[in-house]
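Numbering (my numbering), first residue to last: 9 to 192.
All C-beta atoms, glycine included, are put in the ideal place defined by N, C-alpha and C.
Bear in mind the structure is a predicted one, so any value in this text is a computation, not a measurement.
Reviewing the structure listed below.
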């Protein structure tokens, strides 16, 4: 049963979420401050919508700062859902960088990052490499499967910069598995 205090907080958060869509940057920044003070994982999607739709550098910077510090329970699930949402295709690199900037444990999701590294832009591939490098633990089974996939699919990459990132990603996984690096 919701308490009056939790109902009031939910109402304030709903108002803050609505304010994120305002054309007035000051109102948006005030909403971000409220979300920073009282928000939870429910705030991630509205923040991403605002990030994708607001061209103000100060608003984008403040939202990005807040995302990079997110510690809310279920933040990982909200961010993984955002990676699959076409509405956020233009900010996918920022969503990816949120995982490592916020120190979110992504254990068990290596395949997701390898998929994006292979199919995404060079910037998205770079963010995936950074997430994979910064995750302390990947299971050996997961790392072996990811390495096999990269060895099989990465050779077809035509962009030299992205190909170098994919080679680096293979080397990171090889090092984790105690294998020799290969140059790209």
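query: Inside the region 45 to 77 only - beta strand (DSSP E) runs reaching at least 3 residues; result: none
query: Cα-Cα separation, residue 143 to residue 130; result: 20 Å
query: Neighbourhood of residue 33 by C-beta distance below 7 Å, restricted to the same chain and skipping five residues each side; result: 64, 66 and 67
query: Inter-residue Cα distance where the pair is residue 141 and residue 93; result: 25 Å
query: Member of 179, 116, 110 and 47 whose CA lies at the smallest distance from the CA of residue 73; result: 110
query: Close beta carbons around residue 37, own chain, < 8 Å, minus the five adjacent residues each side; result: 66, 67 and 70
query: Proximity of residue 151 and residue 184 at Cβ, strictly below 8 Å; result: yes
query: Nearest-angstrom Cβ-Cβ length linking residue 135 and residue 158, presumed shorter than 8 Å; result: That pair is no contact at about 16 Å.
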